[in-house]
Each structure stands twice: as C-alpha cells, then as structure tokens.
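K.L.:
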Amino acid sequence: MAEKYIASFHEDMDALNILRPTHEPKATEHIDDMIALVETLLEKGYAYRVNDDVYFSVESYKAYGGLSKRSLEEMMAGARVEINERKRNPLDFALWKSSKEGEPSWSTPFGEGRPGWHIECSVMSSKYLGIPFDIHGGGKDLIFPHHENERAQTESATGSRFVNYWIHNGFVNIEREKMSKSLGNILLIKDFVKEYHPEVLRLFFLATHYRNPIDYSENSIEDMNNALHRLYYTVRRVSAEVENIENVEPEVYGEAEKLEKFFYEAMDDDFNTALALSYIFELSKMLNKLLDEGPLANRPFIVYTYRLFTSLARMLGLLSDNLLTFSSTEKTRHLKRVGLTSETLEKMIEERMQARKNKDYGKADEIREVLASKGIGLLDSPKGTEWRVKNLATTKGET
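For our numbering, count along the sequence shown from 1 and bump the result up by 3.
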C-alpha cells in the first residue's frame, strides 16, 4: 500500500517538474536509530519510563515553547493533550509506546512497542542532513506540537542546535473553504495537469508569499494561466523577431540590471517569491517595449534582457518548455477544458474557410465568434488558417 502511494507521489512531482530528493528514508528502516535516540534521552535524564511507555519531560528542556513562542501554560490551554495520569506533565509526549493488539511492534530494552509520532523525524533528518541543518519546512499547523517536540528531543539528545531556519507555509483553501476530504473539495495534481500546464500551478503558489494562506478558485487559476501565456508569448516574440539571438553579443541594459538586483533582494527577504515574480513580469514588459521600439536597433539590449528574463524565470521553475512543446500541449489541454475535440475544431475551421470562399462572411464571422468565445483565436495566412489558444497575449493579425 505504501509503495502504491509513493509511486503516485513521484508521478505528481515529476509532472510538476519538481526534482526528486537525494534521500527518501522510510521510518520502518530506521527503527534501530529511533531506539538508540530514546535510550540517549533516558540516559541524559530528559525522558522517563512508565511501564513499557517512554515519555519526554518537557520541563527538562528549558527552551520548550521557544519555537511556537508560547509558555507551558499557554500551550496547556490551547493544546489537545492526552489525558494520562501516569505522565508527570500533561504536555509530556511519547517517545515510545507500548504495543497494542493489531499494531506493528518492535522489541526494545524498554519493552515491546512502536515509536511515538515525533521521533522518526528527528532520527531521519539528523542522519541524512546532519546537525544543524539549514531549512526545516512544514505547514503552520505543525509548529505545535510536532515541530516543537521534534526540536526539543533532538537538541536534548545532541546538545546542539537542531535547525537554522524554520519555514512554515499557510494553508490552501478551495473557493474560500478549507481543503479537506470531509468537504469533498480535494484537488488532485494528476487531474489538474490534464487541464492546465504544470507551471500554472507553480505560478499560482509563487504569486503568494509562502507564509500566507492561499485561495484556489477557477478565476485565480485562469488568471495564472493567462499570466503564464504572457511569459511564453514574450519568448515566442523575441525568438521570432530577433534573428540569430544565440550569436548576438549582449549589451548591459541598466533598467534590466536594476530589476535583477530587486529580484535577488526579494528572494533574500524570506523567499518573497510574489515580489520576485513581479520583476520577471516587468522584464517581460520591458522586452515587448524594446521590440515595439525596434528589434534591430535594440538587439544587444534585447538579448541581454532576454537572457536575464529567462534565467530568472527558470530559477523559479518557469519557462521550462520549449515553444513547440508548450504550444502543442496547451492546445490539447485547452480543447479538453472547453469540451472540443480536434476533429470538431478542424471541421469548424474548414467550414469557415469554405464560407469565406463563398463570400458568406456572416457565417464565417459567426464561426470565428463561436471559437473566440471558447478562447480560440484564428490566424489567416496565404498558407491557410492556424489556430491558437487565445488569451491576453495574442499575436498581431490573430482574431
């Protein structure tokens, strides 16, 4: 069962172009390490046994509450803690739990049982990343008790700082409601990428600071879809209007250089991707303006700005497709979204061409308007009619 969900997770991450981690440890493969950590905490006096259970004493770790910035009294008032008269303090948490019928269990010096909720994270992170490691992530709901407890047990056992930076993300809401199985509003990545380019979802998350909650809606996704098309449109336009772009010697363009500086400042400020992203769109506007003013005269500036634009965008995982792949996959996804088959579309385009030949311009315009209402633009040329996904970034001559 676990392998099934691991494989599904890998498929989703691959679809989103997210690199796989160097290590993907499994808790069941590190039981001996967990037992050793519990033994260390017992030896150092940070833990105590109650029959075959082992608990961490929060009062023995003076910095407890430092991560969530709450006192023991505040944590007691706001926590859902297990009522257990055997614990010295209601906030004490289990490092090891005695075995129960029907549950997996392992033999240890302190009895048959299984690990507590927090111990596996301390063991695996410190084993593969060392102590301290730079960044520990997770949702805001994990700050207390999970991360607070993870920090307490690790620093008590090692005598060293556990993590340099904690990054806690806000929640995803669906149409202003919390995303949850009980509400039936779970969004599956595998379903999303059938209708939208994976970079649309990436752009959606980048456009809000990671610490803030984010509201998923059809309107917000359509906005991100149009925004992504604008970025690829800029790539398409530069590629079409600047010949031999790879062989042109760039010349530093001061205005673009400023935006690069602002981009890095934003990223250095607690990963403010929303602000950093705005500078990528400013570079996109700048490129289109330079092209409007004259692609020949501005070639060195355009090349400099273009290389900067694509470099920063790719740093955030955007513009990873080549134009041909992007155009082809977007056409397929768009037809699915609007409920058209490629055969039906080609038939409508053929009917429009025939109507134009017959000088039945009313019918030709009607077909064009129907397609436009479905987000499809037509580009007529002596070679025939080409269709494109119509959005905020259209090519001159496209209707």
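A virtual CB, placed ideally from N, CA and C, is assigned to each residue, including glycine. The structure displayed is predicted, hence computed values, not measured ones.
Could you check what DSSP says for Thr157 in three-state terms: helix, strand or coil?
P.N.:
Position 154 of the sequence shown, counting from 1, holds the residue named residue 157. Helix.
K.L.:
Just mark Glu6 as buried or exposed, buried being the case when its beta carbon has 16 or more other beta carbons within 10 Å.
P.N.:
Numbered from 1 along the sequence shown, position 3 holds the residue referred to as residue 6. That one is exposed.
K.L.:
What residues in its chain sit with their C-beta under 6 angstroms from that of Ala396, if we drop five residues either side in the sequence?
P.N.:
Reading the sequence shown from its first residue, position 393 is the one you call residue 396. Any reading at Ala396 needs caution, since the residue's pLDDT is 48, under 50, leaving its predicted position unreliable; the model's value is listed next. Around Ala396: His232, Arg233 and Tyr236.
K.L.:
Are the beta-carbon atoms of Arg391 and Ile370 separated by less than 7 angstroms?
P.N.:
Against the sequence shown, residue 391 aligns to sequence position 388. Against the sequence shown, residue 370 aligns to sequence position 367. Contact: no.
K.L.:
Who does Trp120 pair with in a DSSP beta bridge?
P.N.:
Counted from its first residue, the sequence shown places residue 120 at position 117. None, per the DSSP bridge assignment.
K.L.:
So what does DSSP say about His139, is it helix, strand or coil?
P.N.:
Position 136 of the sequence shown, counted from the first residue, corresponds to residue 139. Residue state, collapsed to three classes: strand.
K.L.:
Using a Cβ-Cβ cutoff of less than 7 angstroms, which residues in the same chain neighbour Lys339 once the five nearest sequence positions on both sides are dropped?
P.N.:
Taking the first residue of the sequence shown as position 1, residue 339 is located at position 336. Answer for Lys339: Lys197 and Glu198, listed in chain order.
K.L.:
Span of the alpha helix (DSSP H) holding Gly365?
P.N.:
Within the sequence shown, residue 365 is the residue found at index 362, counting from 1. Gly365 -> alpha helix (DSSP H) spans Tyr364 to Ser376.
K.L.:
Could you compute how far the alpha carbon of Glu246 sits from the alpha carbon of Pro148?
P.N.:
Along the sequence shown, read from residue 1 onward, the residue named residue 246 stands at position 243. Along the sequence shown, read from residue 1 onward, the residue named residue 148 stands at position 145. Distance between the alpha carbons of Glu246 and Pro148 is about 59 angstroms.
K.L.:
Within 10 angstroms of its Cβ, does Asp95 collect 16 or more other Cβ (buried), or is it exposed?
P.N.:
Along the sequence shown, read from residue 1 onward, the residue named residue 95 stands at position 92. Per the 10 Å Cβ criterion, buried.
K.L.:
Measuring CB atoms only, is the segment 271-286 touching the segment 304-320, in the sense that at least three cross pairs come out at less than 8 angstroms?
P.N.:
Enough Cβ pairs lie closer than 8 angstroms, so yes.
K.L.:
As a quick exercise: from Tyr131, Glu353, Gly114 and Ile283, pick the residue whose alpha carbon is nearest that of Lys29.
P.N.:
Numbered from 1 along the sequence shown, position 26 holds the residue referred to as residue 29. The shortest Cα separation from Lys29 among Tyr131, Glu353, Gly114 and Ile283 belongs to Tyr131.
K.L.:
Does DSSP put Gly75 in a helix, a strand or coil?
P.N.:
The sequence position of residue 75 within the sequence shown is 72, counting from 1. It should be noted that the sequence gives Leu, not Gly, for residue 75. Note: Leu75 maps to helix in three-state DSSP.
K.L.:
Among the residues of its own chain, which have a CB less than 6 angstroms from the CB of Thr398, if the five just before and after it don't count?
P.N.:
As a position in the sequence shown, residue 398 is number 395, starting the count at 1. In this prediction, Thr398 has a pLDDT of 45, which is less than 50 and means its spatial position is unreliable; nothing more can be read from the coordinates.
K.L.:
Apart from the five residues on each side of it in sequence, which residues of its chain come closer than 7 angstroms, Cβ to Cβ, to Leu70?
P.N.:
The residue labelled residue 70 in the question sits at position 67 within the sequence shown. Cβ within range, chain order: Ile146, His150, Glu151, Arg154 and Trp169.
K.L.:
Going by C-alpha distance, which of Pro253, Asp17 and Tyr64 is nearest Ile305?
P.N.:
Your numbering for residue 305 matches position 302 in the sequence shown. Of Pro253, Asp17 and Tyr64, the residue nearest in Cα terms is Pro253.
K.L.:
Which class does Lys7 belong to by DSSP, given the choice of helix, strand or coil?
P.N.:
Counted from its first residue, the sequence shown places residue 7 at position 4. Here Lys7 sits in helix by DSSP.
K.L.:
Do Met227 and Phe195 have their beta-carbon atoms positioned less than 7 angstroms apart in this structure?
P.N.:
Start at 1 with the first residue of the sequence shown, and residue 195 comes out as number 192. Start at 1 with the first residue of the sequence shown, and residue 227 comes out as number 224. No, they are not a contact pair.
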